[in-house]
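Quick note, the sequence shown lines up with residues 0 to 311 if you use numbering that gives the first Met the number 0. What follows is a short report on a single structure.
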Amino acid sequence: MTTLTDRYLAATLRSVPAGRREEIATELRASIADMIDGRTADGLDASAAEREVLNELGDPAQLAASYADRRLQLIGPAYYLVWQRLLIVLVSIIPAIVGLVVGVVQATTTDNAGGAIGAGISTAFNVAVQIAFWVTAVFAVLERLGTSLNLPRWSVDQLPESPAERDTTLVNVCASIVMLVLLIAVLPWQHFQTVVGDDVRLPIIDPALWRSWLPVLIAVLLATIGLEIAKYRAGRWTWRLVAVNLVLNLAFAVPMIWLLLTDRLFNPDFVAHFAWLRDGGVDTLTAVSALAITTTTIWDVLDSARKAHRAP
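As structure tokens, then:
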């Protein structure tokens, strides 16, 4: 055999178990020789035939993996769908919750709104990366160990009755419900736990609103959770659900915008405690919040109407 074939054999055998190298070397050398003889019999030059054969056999590392029955994939088909579904659920929910909590804590304990936003975003990103890494690492280990997940076999009974009509997924509904629950929890939390320095606790929202608008807004958020559940059970947006969505959006957005624009939402003592809020920051925060609420409300209603119109 020529030096080129010897080099190919050496590269291949380097990645196979030592106990099988002699057997594989004999088998592979014979196969290469037969393939070269076949091409030279057709009139091809021996050197060109050898190069053509080795190119056809491909990467020595890939060939060695086939001899060693070693998978060249991080996560194979037996685990991929479970890994994908779990990762989507975790990354869709956990980073947003952790990032929001960190951002709120930073905003209420420091005099730096921009830093709080940055801390929330960076924390959410880091949590997402950590989740993706560790979930993937666990499934890669399971793949290498050949561990059975003992999942039930798929059957036709699992087919949805009308897959074309389902316009909402469990992941999206769960993410929406988690965000709504978190928003409801933030309201009493900010009243009792907001620390602005030297163990001084000042609510962000005017405490007087607990006797008027805050219970109403919490009731609207709870009703919105019910809407999310009803939407998932229906499998898609219907015009009746769109109408309920419109009413709930207006029931939340109109009071919030009115409270913002009339300077009744934020606790005056909280605003007075921070220089950036006293020096015009509260006006900027009011304008941005009102714009965000308006934009989100319009988009949510139009998006639900579009999906209801598109549904069969």
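The beta-carbon is built from N, C-alpha and C at its ideal position, and this holds for glycine as well. Computed from a predicted structure; not experimentally measured.
C-beta contact flag for residue i and residue j at 7 Å
| i | j | result |
| --- | --- | --- |
| D268 | L201 | yes |
| V270 | A250 | no |
| L12 | A29 | no |
| L221 | V243 | no |
| Y231 | V180 | no |
| I74 | E22 | no |
| I92 | A174 | yes |
| I256 | A291 | no |
| P59 | A131 | no |
Residues that DSSP places opposite residue i in a beta bridge
| i | result |
| --- | --- |
| I92 | I92 pairs with nothing; no bridge assigned. |
| I204 | F265 |
Close Cβ partners of residue i (< 7 Å) along its chain, the five nearest in sequence each way excluded
| i | result |
| --- | --- |
| V317 | This structure gives no information on residue 317, because the portion of the chain shown stretches from 0 to 311. |
| G18 | none |
| T296 | N248, A252 |
| E264 | The sequence shown places Leu at residue 264, rather than the Glu named in the question. I204, D205, L258. |
| V281 | F265, V270 |
| L27 | L8, T11 |
Given residue i as reference, the closest of the options once Cα atoms are compared
| i | options | result |
| --- | --- | --- |
| A139 | V81, I87, T294 | V81 |
| V170 | R38, I87, A60, F273 | I87 |
| L258 | I92, A207, V15, I183 | A207 |
| I204 | P94, V101, T285, L99 | T285 |
| T223 | L245, T237, V134, W209 | L245 |
| L312 | Q61, G42, A45, D41 | Nothing about residue 312 can be read from this structure; the chain reaches only from 0 to 311. |
| P16 | G57, F273, A64 | A64 |
| S303 | L260, R239, I256 | R239 |
| N149 | F273, D41, A77 | A77 |
| L144 | F273, V215, R69, A289 | R69 |
| V319 | T293, A95, D41, E21 | An answer regarding residue 319 cannot be provided, because it is not within the stretch 0 to 311 covered by the chain. |
| G117 | I130, Q129, V134, L99 | L99 |
| R309 | V241, T283, S288 | V241 |
| E55 | L43, T283, Q72, M34 | M34 |
| L216 | L182, V104, W188 | L182 |
Integer Cβ distance of residue i from residue j, believed to fall under 8 Å
| i | j | result |
| --- | --- | --- |
| V325 | G114 | Any answer about residue 325 is impossible in this case: the structure gives the chain only from 0 up to 311. |
| T4 | E49 | 6 Å |
| A32 | T39 | Not quite, the Cβ-Cβ distance comes to about 10 Å (not below 8 Å), so this is no contact. |
| V134 | L89 | 7 Å |
Spatial neighbours of residue i in its chain, beta-carbon cut-off 8 Å, leaving aside the 5 residues before and after
| i | result |
| --- | --- |
| P162 | Because the pLDDT of P162 is 47, which lies under 50, any placement of that residue in the model is unreliable, and the question is left without a value. |
| W212 | P254, L258 |
| L85 | V134 |
| E346 | Nothing can be reported for residue 346, as the shown portion of the chain is limited to 0 through 311. |
Beta-carbon proximity list for residue i, same chain, < 6 Å, skipping 5 on both sides
| i | result |
| --- | --- |
| L53 | Y7 |
| Y66 | V15, I23 |
| H190 | P202 |
| L276 | V270 |
| M0 | Summary for M0: the model assigns pLDDT 47, below 50, so the residue's position carries little reliability; its value from the coordinates is reported in the next sentence. Excluding sequence neighbours, M0 sits near nothing in its chain. |
CB contact check: residue i to chain B, cutoff 7 Å
| i | result |
| --- | --- |
| T237 | The chain labelled as chain B is not found in the depicted structure, where only one protein chain is given. |
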